[in-house]
Structures are given as structure tokens and as C-alpha cells.
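> Residue numbers (the working numbering), protein chains in the order written: chain C, 26 to 146; chain S, 450 to 1150; chain U, 8 to 155.
Pasting a structure below so you can have a look.
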């Protein structure tokens, strides 16, 4: 069993990354790759689904720090969804809710993207 | 040129030396003696390499030991004396051998070779050590890196030594002489750099004076004896270069120690004053350094241990601080937490054995868990840290590898630990006063906020008597009640309890007041008011806080009461000498922001009868404690209410509060106490709107 | 009975300085902590703090050199659960790292320092000592007798 896995689902304009397992300094590079791949493909609207993430350390949090600005510069964003209380508490401790939009469900986060895209049009 | 071969470990250096010695010995033994340049060149090169290998080996050893200058001088003295004895010995006993050697035996004779080899080797070793000792003395207390001077001198030593090979042809003799003279000039220049004597105390200076004159004499006499007599022949025969090196070192020694002698002589009269001054200056420096660190306890203890290990020349220092009845290691300087804890517990176990009123030395020999230590601490010092005659902990320093502490270290630590105690105490007082001041200010603000939030007067309605009691806890508890005139016929009331205490609770209270005040004007049912309040609080309450509340409307016209409750204590309806706890369901405000909140929130309606009493309270009453930590409890509360139900509202609340106070005397009040009693006295006689307006509804304030 | 309380139990794990070993370290610490009955919520905080400390060691003390040694020792008494982490790398002073300002970090694309802040927030005590030329130790401890 892999310690950590990040899989991507393409919803047209919005991509959803599903995190699974333990995200630490060892597994963070794998998530970095996932983000880099999305950027290469020009996909800047990302929802990260935390439902199956069991653990996150600051190295994992760092990945979001590293990519958020790039996404926002390109009119996109990283929106986070479906966190367990345990994971949310870590984000909260570091003040991440001020920097990131965090939603209860993946749908909510995806809809936010679609709403804002519609407004632009 | 730098004397460092990092790739080789000490053992390897020693092995190199041994191998070179054996090669040299073999060469001496089996190669035919000759005066040819090639032979002498190989011979001298081998000797030179051996000396170099030995010096490199010794260098690490000397650095490891961190020998103090007086010991270095003493060691030089010992080796000079050894050479002195050796030369004297060779002059009397070897004289015959050397002569016979020249006459009857070839230079390769085994026994003579062995003797000459051993003899030369002892001198070689002694010279190497003396040379290194000079180098150490030279670099002592030098402020800048001036090794270049010394290294230049070494280069000329080597040149002067090896140029002896050229003495075969007298035309080139001037080269040898030139190098020799330059070497001597450099020796004189370098010998002036003896600033280290300023740093030793008077007692040591006296010893130094005595030693330096003896050593100077020994060097001179060695030089004299070596020139032109038997020893020179032997050494010269072994290696001309080594012989020249011997002369150079001899001259260095004679010059260095003569200069040292006179310098020390001039230093002696002022030594004591200098000592005292130096100590005062350093103490003052340390103290001022400590004073500036009082703001942070962790920084302070780190500074203290850092200074302590410096002034006592220790390898490590830490503080064993008394906390919760035990000793805790803090401020560790160059010692691991585990080692420090082990040694601290050893000291704690044996503290009665030692007189810990002042700095004491403790040997780790008797420490049974010595093998568990990560590093070989052999000796420690323990100095008490006191504030106001109360022992606060100990300052400990440790040395490794069997090095000892001396009385000077003890004096320094005694003085320093007094300073350290004061600094620590100041820091603690400072911290306490800051915390206290902040807490008091905060509470003042919180009380002020609470005072302004609660209604200053109760509304006065004919037919409804209202009594309120609010007793704040020392730390503001977050209780809140309020009344609202909704419209001409409707009287609104609310009671709430904010989780948490102090300033944060007070601010949430203020917010809650604002919310209820505005919602009461626009929303017509208690249930909807609470739902909206919950929605608004979602934006401001963080996850830690919540608010319990009960909201009600009394319809004065229709004589009904409408109540909704969000996680608050039940509302008591006292009717016909019996109690009914009204418990409409509902979750506290700020705990759940989904539909679940509104779905579970109930609203009940009750028709009022004459003499009905509505009692609203917070858990400050039922959870008031006596000294046995028993709760006042709802049973007792209800009993008192029933017993007094025929009295008017004020009397009932007075009675309740008196009982609560009696019950919880001798135990500090931890939470706000709030009690609101509404007594419906009579049915209003209403015939029409006008009458309403004229008679009853305007609150008489 | 009181004297027995001061008895300390000990436990130790040694691993190479590689990020792949972080999970082993977490498992080791959480097993040790759960065994003595520390509530899961607190154990989760402790292993996160230990993870951060070890990540720092791998990054800063060993600078990703994979053959360094990390020794994790557990000590517990009734009052306190203590984790001591030992390395033989380059000394670094975690205490001197300031608390992160997320807004600045955001602007500067910086990610370091979060771990240190987490350690300080999650544990009751975070201490560091360096014995020059020998080893460095990080001490993390959690009080077990707090009322809340």
C-alpha cells in the first residue's frame, strides 16, 4: 500500500485533486508533481479534496504555499474541501483559512469556480 | 603553510611516525656510512620526515588536552632538563664509545649504532615537543591570526637546518650562515609576542619567574655543551640537519625564556592590582550582560550557562531548576538533555552529602550510572542559586576526560552564581508583574464592558413584577440578560451565558447584546430570533466559543408566554406550589451552523395564570460550590423556590441568593450568578387599545 | 507509592536521515504514546511535532545527506511525555527561527519555519541543545496532567 496518493479528475475548467494517505516531507514531492502537471496543461482552477487524507505535516502545507500564487496569477485558485477536523485544525493553527478558501464539500468548491467563471462572462 | 593533515587520524599519524622511525633505523643500520652528499641527503630527509611526523602527531595531542601556559613552560623545562642530563651523560660515558667508534668500529657497528640511534631519538623527540610547545605559547591569547610570522620562521628553521648539507664545500658556507642568522632574527621578533603572561594570576607569575630563569640557563648550557664537544659529534654524525635544528631550538629557548623572565619581572609588582581589576571588569561585563536578558527566562538561563562554562573553563554547563518539587534541567550548554538529567538526579540524590551552600566540586567516580552518560563527564561543580534566601536551583558545570576544577574556578562560580540568582529572580518578578498587570487590566475592561451591557434598571410593568440579581465572578464569567419592549403588548426577555471567561467572554457578550437588540426589533418569534442569532454568530465566533441562551416573549394582552431555548438551563415555571422545568429543545448558539440547528429548535407557548412565576437563571447558581466541592444543585434550588412561591419576586430572589451565598461561603465564586424572576400578578383588564396605551404598557422607569 | 511515580520508562529508535523513514518514526512514537494511554488526539499532535523536528533535522542538520543517524528516544513519567531526538549533523538553532508571518510567506513563496511554529504550538516544551562536534538534541515534551 502506498503511503500517499494524489489522483486528478478533470471536470473541464476545474480539476479536482484527491489526496489519500499520509502527506509529509517524503510524499510532498509527489503532490508537487501533480500541481506542476496541472500548470503545464494550463489548468489553474484546482479543488483539492481532503476526504481520504489521514495526515499532513508542514511539508505538505508548503506545497499549497508554493503553488497558490502561480494559480491566482493565472486567474485560477486552489480551493480546499472536505477536510477532517484533525487536518483542518492544522491548517487553522497556521492561519491558512485566511489565505485559502476552504469548503465543506467538493461540490461547493467546484460550484464557486463555475459561479465566478460565469460572472466573468 | 599550515600544519594540518586532516585526512589522517591521530592513530594513523602515530603509525606514520613509527613506520618512518623503523625505516630510519633500518637505513642507519644497513646502509653503509658515507660522507657522500646523496647519503647525507637521504639521511637528513628521513630524519626530517620523522621529526615532522612526530610533530604532527603531538600537535593533535596537545590540542586535545588544552594545556595551560604554565604547564607548557613546565614541560619545556622538563624536556630541556632531559636533554641537559643526556648531554652530560654522553660527555662522561659516551666519550670513550664515540672515540673508539671512530677509531675501531666502522660507523655501521650495531651496538654503537643502536646507542647513537637511541640517544639521537630521545633528543629528536624532546626537540619536537619543545618546538610544538613554543608554537602553542606563541599562539596563546593572540588577538589576530599572525601564524604567518611563526610559519616564516619555521621555513627558515628548515632552510637553516638543511643548508648544513652544503658545508662540505666551504664556498657555500655563507648560505648556511645567512639562513641561520635570519632564523635568529625571526626568533627574536617572535619571542616578543608573549602577551599571555598578562592573563595569568600573580601566584602563577611568581612560579613563571622562577621557571623561566632556570629554563633559560638550561638552554644556554645545552648550547654551550653541544658546541664542539662530543654530543655535537654524535648528533652531527646522526644527522647534521638535526644538529643544526638542535642549535636553533637552543637559541630560541635561550632568547624566549630570557625575554619571558624580564617581562614577568616587570609584571610582578602590578600583577595583583591587574588581577583584581580584570576580575571586576569581567564580573561587571557579565552582570550587565545578564541584566539585559531578564525579559525572557529561556534566554537568560542560556546566557548564564554560557558564561558559567566560560569562566570555569568547563566543557558544559546547565541549571537544575526547582519545579513542581523536582529538579529540571534548563539552559543546557554543550550537554545533552539525558546527560544533564542523569547528573542532576545524582546530585539531587546525594545533596545531603555535600555542603551545597557554596560551590562544591563533585567527582563523577562514585556515580554509578556513569556508563549511561553519552560523554565522559568526570568532574562537576554545583553552585546554589538563591533568591530571598530560598533555594531556587543549582548551577552546574562539568569537565570531561578527568580534567579538574581549581579554586579559581570555584571563586569565579561563587561570585557569578550570586549574580545569576539575582538576574533569575528579577526575571521571574518581572514576568509575574507583567502577567498580573495584564490580567488586572483585562479584568477591569471586562467588568466595565459587562456593567455597561446589563440593563441598569428593570422595566416596571403593572401586573408583572421583575426581580434580577447578578453577581459577577472575580473573573468575568460571560453571563448576560436583557429586556426588550417589542411592541405595545409584547415584552421580550433573554438570558445567555457565553462560554469562556474574562475579556474574550465580555466582548462576545457585547456582540450578543447587539445581535439580540437588533433582532428583537424585527423578528417576531423567539425561535426565529435564535436562528438568526446563530447565523450571525457563525461569522464571528471561533470554534472554541459558544453561547447558551433562552429567549422569551410575554404577550401581555393574551397572557401567554412564548419561549425558545438554545442550550441553556431549563426555564422554571412555578405554579400552584409546584415546579415545571420548561425544556424546549435546542443546541447552543455557535455550535452548529447547518439546518440541524433550526430543525431541532423548539418554541413552546404557555398560557399564563395569576401568580405564575418564571425563573431564568444561569448555571452559576446550580453549580455554586461549597468547600467540599459539592454543587448547590437544582433540587435545593427548586425547594427554595417552592417554599417561597407566595412571596413577591424580589423576596424570592433575595431568599435564593442568601441560600446560595450561605452554601458556598468559604469557597470562591468561579462563575457569574444570574437570576431573573418574573411574577405574573394579575390579569390585565383590557377593553380597548386606548386603554392599553394609557394605563399599563408604558414602562414606568 | 509516591516514589514509584518517578520511575521513568524508556524506549529508543534509530533510523537513517531519510524522509522515507518519517513514517517509521511516527509509527514508533505513536505506538509508544498510545501504549501508555495518552489520548489519540494528543498523540496525533505529538507525532506531528516529532515529524516536523525530524524533517528539520533531515533538511537542515544533515542537508539531505542520507546516511546520517536520527535517534528518537521516548521518556515518560506520570506528568510528562518526552521525546528526545538526537542527530550528529550541523547544529541549527530552531529556537531562533521566528514565528512565521503567513502573509509575508505568501508573498515570498517561503515555506520554511511553519514546522517550527507547529512544534511550539503543539507541544508544551520545545528545547534544543548542541554539543559541538558531538551531537544535537531536540527535546519535545507534553504535559499529561493538564486539566483540559
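Quick reminder that beta carbons are idealized off the backbone N, C-alpha and C, glycines included.
With residue 46/C as the anchor, note down where its beta strand (DSSP E) starts and where it stops.
Numbered from 1 along the first chain, position 21 holds the residue referred to as residue 46/C. Looking at the DSSP string, the run of the beta strand (DSSP E) that includes residue 46/C is 39 to 48.
> Closer than 8 Å, Cβ to any Cβ of chain C: which residues of the stretch 56 to 73 of chain U, in chain order?
58, 59, 62, 65, 66
> Going by DSSP, which residues form a beta bridge with residue 510/S?
Position 61 of the second chain, counting from 1, holds the residue named residue 510/S. Paired residue(s): none; residue 510/S is not in a bridge.
> What are the residues that DSSP puts in a beta bridge with residue 168/C?
Residue 168/C lies beyond the stretch modelled for chain C, which goes from 26 to 146, so this question has no answer here.
> Please report the residue range of the alpha helix (DSSP H) in which residue 863/S lies.
Taking the first residue of the second chain as position 1, residue 863/S is located at position 414. Its alpha helix (DSSP H) spans residues 856 to 902.
> Going by Cα to Cα distance, which pick from 805/S, 764/S, 1076/S, 804/S is closest to residue 789/S?
Taking the first residue of the second chain as position 1, residue 789/S is located at position 340. Comparing Cα-Cα distances from residue 789/S to each of 805/S, 764/S, 1076/S, 804/S, the minimum goes to 764/S.
> Does any CB atom of chain U fall closer than 7 Å to the CB of residue 550/S?
Here residue 550/S corresponds to residue number 101 of the second chain, with the count starting at 1. Low confidence applies to residue 550/S: its pLDDT is 48, below 50, so where it sits in the model is not reliable, and the reading given next is rough at best. Chain U contact via Cβ: absent.
> Would you check if the distance between the CB atom of residue 129/U and the CB atom of residue 52/U is smaller than 7 Å?
Residue numbering aside, residue 129/U sits at position 122 when the third chain is read from its first letter. Residue numbering aside, residue 52/U sits at position 45 when the third chain is read from its first letter. Yes, the Cβ-Cβ distance between residue 129/U and residue 52/U is below 7 Å.
> Express the C-alpha separation of residue 973/S and residue 81/C in angstroms, rounding to a whole number.
Locating residue 81/C in the first chain gives position 56, counting from the first residue. Locating residue 973/S in the second chain gives position 524, counting from the first residue. So the two alpha carbons sit approximately 47 Å from each other.
> Closer than 7 Å, Cβ to Cβ, to anything on chain U: give me those residues from the stretch 776 to 801 of chain S, in chain order.
781, 783, 784, 785, 786, 787
> Go ahead and pull the three-state DSSP assignment for residue 734/S.
For the purposes of this step, residue 734/S is identified with residue 285 of the second chain, where counting begins at 1. Residue 734/S falls in the helix class under three-state DSSP.
> Could one say the Cβ of residue 27/U lies closer than 7 Å to chain C's Cβ atoms, at least one of them?
Stepping through the third chain from its first residue, residue 27/U is reached at position 20. At a cut-off of 7 Å, the C-beta of residue 27/U has a neighbouring C-beta in chain C.
> Across which residues does DSSP place residue 86/C in a beta bridge pair?
If you number the first chain from 1, residue 86/C lands on position 61. DSSP lists no partner for residue 86/C.
> Does DSSP put residue 61/U in a helix, a strand or coil?
Position 54 of the third chain holds residue 61/U. DSSP, reduced to helix, strand and coil, places residue 61/U within a helical segment of the structure shown.
> Which one of 940/S, 1020/S, 609/S, 716/S has the shortest CA to CA distance from residue 693/S?
Working through the second chain from its first residue, we reach residue 693/S at position 244. Cα-wise, what sits closest to residue 693/S is 609/S.
> Name the chain C residues that come within less than 7 Å of residue 51/U, Cβ to Cβ?
Within the third chain, residue 51/U is the residue found at index 44, counting from 1. Per Cβ cutoff of 7 Å: 111.
> On a Cα-Cα basis, can you pick out the residue from 623/S, 683/S, 644/S, 706/S that is closest to residue 660/S?
Numbered from its first residue, the second chain carries residue 660/S at position 211. It is 706/S.
> I want to verify the contact list: residues of chain S whose CB lies under 7 Å from the CB of residue 146/U, in sequence order.
Looking up residue 146/U in the third chain gives position 139. Per Cβ cutoff of 7 Å: 786.
> Give every residue of the same chain whose Cβ lies closer than 8 Å to the Cβ of residue 553/S, excluding the five residues on either side of it in the sequence, and list them in chain order.
By one-based count along the second chain, residue 553/S stands at place 104. For residue 553/S, the predicted structure reports a pLDDT of 40, less than 50, and the residue's modelled location is therefore unreliable. A value from the coordinates is still provided. Answer for residue 553/S: no residue qualifies.
> Comparing the C-beta of residue 92/U with each C-beta of chain S, is any distance below 7 Å?
For this step, residue 92/U is matched to residue 85 along the third chain. So, not an interface residue.
> I need the boundaries of the alpha helix (DSSP H) containing residue 1101/S, first residue and last residue.
Counting from one through the second chain, the residue named residue 1101/S turns up at place 652. It spans 1098 to 1112 - the alpha helix (DSSP H) in which residue 1101/S sits, taken as one unbroken run.
> Identify each residue in the stretch 49 to 82 of chain C for which the Cβ-Cβ distance to at least one residue of chain U is less than 7 Å, and report them in chain order.
49, 50, 51, 82
> Under the assumption that residue 94/U contacts residue 18/U (Cβ atoms under 8 Å), give the Cβ distance between them as a whole number of angstroms.
Mapped onto the third chain, residue 94/U falls at position 87. Mapped onto the third chain, residue 18/U falls at position 11. Contact doesn't hold; Cβ gap of about 18 Å is too wide.
> By the three-class DSSP mapping on this structure, what secondary structure does residue 1051/S have?
Numbered from its first residue, the second chain carries residue 1051/S at position 602. Note: residue 1051/S maps to coil in three-state DSSP.
> Buried or exposed: residue 43/C, going by 16 or more other Cβ atoms within 10 Å of its Cβ?
Translated into the one-based positions of the first chain, residue 43/C becomes position 18. By the 10 Å Cβ count, residue 43/C comes out buried.
> What is the DSSP secondary structure of residue 933/S, counted as helix, strand or coil?
Residue numbering aside, residue 933/S sits at position 484 when the second chain is read from its first letter. Strand at residue 933/S.
> Going by other Cβ atoms of all chains shown within 10 Å of its Cβ, with 16 needed for buried, is residue 69/U buried or exposed?
The residue labelled residue 69/U in the question sits at position 62 within the third chain. By the neighbour-count rule (16 or more Cβ atoms within 10 Å), residue 69/U is buried.
> So, with DSSP's three-state summary, where would you put residue 973/S?
Reading the second chain from its first residue, position 524 is the one you call residue 973/S. In this structure, residue 973/S counts as coil in the three-state DSSP scheme.
> Under a CB-based cut-off of 7 Å, is residue 31/C close to chain U?
Stepping through the first chain from its first residue, residue 31/C is reached at position 6. Cβ-Cβ to chain U under 7 Å: no for residue 31/C.
> Tell me residue 1080/S's beta-bridge partners as DSSP assigns them.
Taking the second chain and counting its residues from 1, one reaches residue 1080/S at position 631. Looking at the DSSP assignment, residue 1080/S forms a beta bridge with 1074/S.
> Judging by CA-CA distance, which residue of 1103/S, 985/S, 976/S is the nearest neighbour of residue 960/S?
Here residue 960/S refers to the residue found at position 511 of the second chain. Comparing Cα-Cα distances from residue 960/S to each of 1103/S, 985/S, 976/S, the minimum goes to 985/S.
> Identify the contact partners of residue 37/C in chain U, using a Cβ-Cβ distance below 9 Å as the criterion.
Numbered from its first residue, the first chain carries residue 37/C at position 12. Within chain U, no residue comes near residue 37/C; the closest Cβ sits about 28 Å away, beyond 9 Å.
> Beta strand (DSSP E) containing residue 623/S: first to last residue?
Working through the second chain from its first residue, we reach residue 623/S at position 174. Residue 623/S -> not in any beta strand (DSSP E); alpha helix (DSSP H) instead, spanning 622 to 640.
> Pick out the complete alpha helix (DSSP H) segments inside the stretch 962 to 1040 of chain S, 4 residues or longer, and give them in chain order.
Taking 4 residues as the shortest admissible run, the stretch 962 to 1040 of chain S contains the following complete alpha helix (DSSP H) segments, listed from N- to C-terminal end: 975 to 989.
> With which residues is residue 916/S paired in a DSSP beta bridge?
Here residue 916/S refers to the residue found at position 467 of the second chain. In DSSP, residue 916/S forms a bridge with 1126/S.
> Bridge partners of residue 771/S, per DSSP?
Here residue 771/S refers to the residue found at position 322 of the second chain. In DSSP, residue 771/S forms a bridge with 776/S.
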